[in-house]
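In terms of UniProt numbering, the sequence shown is residues 1 to 271.
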Amino acid sequence: MSQLTSFLLVLSLCAFAPLCFSSKTKGGNLYPQFYDHSCPKAQEIVRSVLAKAVAKEARMAASILRLRFHDCFVQGCDASLLLDSSGISCADLLAIAARESTVLRGGPSWEVLLGRRDSRTASLSGSNNNIPAPNNTFPTILTKFKRQGLDIVDLVALSGSHTIGNARCTSFRQRLYNQSGNGQPDYTLDQSYAAQLKTRCPKSGGDQNLFFLDYVSPTKFDNNYYKNILASKGLLNSDQVLLTKNEGSRELVQGERLERTAGRLTLDSTT
Ligand code: HEM
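This is the structure we're talking about:
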């Protein structure tokens with residue numbers, strides 16, 4: 001399933017918006033009860049639409065969660081990544097949908113603050129510059145998190161979202177064949193795991209072949225993501241460097257607990 005499919009799901013959730021989103025935000029404060037009067041069933045509607053979509057296509061939960069991350073890293077959590085030519089957006093829907101996606105995969109729940117102002121603009125340069133890439137160095141990734149007001153604890157906790165979902169061969173191929181430009185693989189990746197990955201992620205071709213980010217429990221929101229990293233089986237370079245490139249993040253990976261991911265997944269402190 002593509003990002004486009006998740007995008008379309010959120011747009012279909014947005015179809016409910018005109019029924020419910022007529023009231024204006026007073027001031028910039030966000031609070032969970034924002035729709036209690038104007039649309040008391042808002043959260044229920046999102047939950048049921050999402051549950052149907054995930055039942056049809058399990059990966060949907062992961063893709064929605066990722067959309068939320070990308071949204072928050074560009075201009076704040078304002079649904080700017082959902083803008084299309086007709087200007088539809090729905091920041092609160094995406095915030096609720098990301099929480100529900102986590103819950104549906106057996107992960108924790110949290111209270112979502114509501115009443116966000118949707119963006120009227122998108123930013124290509126913001127998305128190119130702010131969203132971390134899997135081959136970014138550890139300092140670059142941390143810098144990109146800090147730019148959002150997030151710290152090293154947030155980085156390790158939020159990366160735990162890679163406990164669900166998939167990555168394409170093209171997102172980690174470099175690690176298998178040519179990690180640093182000298183034709184050598186990434187030796188921080190377990191070599192028997194690397195051999196398995198190579199069978200469907202050849203040196204060239206197969207770019208779109210999909211792999212579980214957490215091969216142990218790919219559709220369950222649990223802490224195998226961290227255990228995999230400790231076993232040198234983090235799929236993306238950006239996963240494994242949390243253990244290998246920084247003392248502080250290493251200690252966090254070693255002691256990471258699921259609740260911490262839950263606490264940080266709100267991503268809402270600044271919006
Ligand atoms: C730390 C920096 C991060 C990097 C470099 C990164 C990079 C990536 C990459 C390359 C993929 C696979 C994309 C593909 O091959 O098509 C991916 C998937 C995913 N990411 Fe991240 N990510 C990061 C942090 C996060 C955060 C903070 C979240 C959520 C809060 C997140 C949630 C996800 C999810 C759920 C998927 C699976 C999506 C699907 O199956 O459709 N990631 N990420």
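All C-beta atoms, glycine included, are put in the ideal place defined by N, C-alpha and C.
Confirm the yes/no value for this check: CB of P132, any heavy atom of ligand 1, distance under 6 Å.
For the purposes of this step, residue 132 is taken as the residue at position 132 of the sequence shown. Yes, since a heavy atom of ligand 1 falls inside the 6 Å radius drawn around the Cβ of P132.
Between which two residues does the alpha helix (DSSP H) carrying A53 extend?
Reading the sequence shown from its first residue, position 53 is the one you call residue 53. Its alpha helix (DSSP H) spans residues 42 to 56.
Confirm, please, whether the CB-CB distance from V54 to L104 is below 7 Å.
The residue given as residue 104 occupies position 104 in the sequence shown. The residue given as residue 54 occupies position 54 in the sequence shown. Yes, the pair counts as a contact, with Cβ atoms nearer than the cut-off.
Nearest-angstrom Cα separation, counted from K245 out to Y187:
Reading the sequence shown from its first residue, position 187 is the one you call residue 187. Reading the sequence shown from its first residue, position 245 is the one you call residue 245. Taking the straight line joining both Cα atoms gives about 13 Å.
What are the boundary residues of the alpha helix (DSSP H) that N128 is part of?
Residue 128 sits at position 128 when you count from the first residue of the sequence shown. Taken as a continuous stretch (DSSP letters only), the alpha helix (DSSP H) holding N128 covers 124 to 130.
Residue from H37, G76, A98, V216 with nearest C-alpha to C62:
Mapped onto the sequence shown, residue 62 falls at position 62. The sequence given here has Ala at residue 62, not Cys. Ranking H37, G76, A98, V216 by Cα distance to A62 puts A98 first.
Quick one: grab the DSSP three-state call for Y226.
Locating residue 226 in the sequence shown gives position 226, where the first residue counts as 1. Helix, per DSSP.
Could you name the residues of the same chain whose beta carbon sits closer than 8 Å to that of R168, not counting the 5 residues immediately before and after it, in chain order?
As a working mapping, residue 168 is identified with position 168 in the sequence shown. Excluding residues up to 5 positions away in sequence, D207, Q208, N209, L210, F211 lie with their Cβ nearer than 8 Å to the Cβ of R168 in the same chain.
Alpha carbon to alpha carbon, how far is N228 from F221?
Here residue 228 refers to the residue found at position 228 of the sequence shown. Here residue 221 refers to the residue found at position 221 of the sequence shown. Approximately 14 Å between the Cα atoms of the pair.
L189: which of N128, S48, F172 sits nearest, CA to CA?
Position 189 of the sequence shown holds residue 189. Per the Cα distances, F172.
In three-state terms, what does DSSP make of A167?
Looking up residue 167 in the sequence shown gives position 167. Three-state result, A167: strand.
For ligand 1, is there any heavy atom lying closer than 6 Å to the beta carbon of A91?
Within the sequence shown, the letter at position 91 stands for residue 91. No, the Cβ of A91 stays beyond 6 Å of every heavy atom of ligand 1.
Pairs of beta-carbons, one from the region 27 to 38 and one from the region 105 to 122, closer than 8 Å: are there three or more?
Yes, the region 27 to 38 is in contact with the region 105 to 122.
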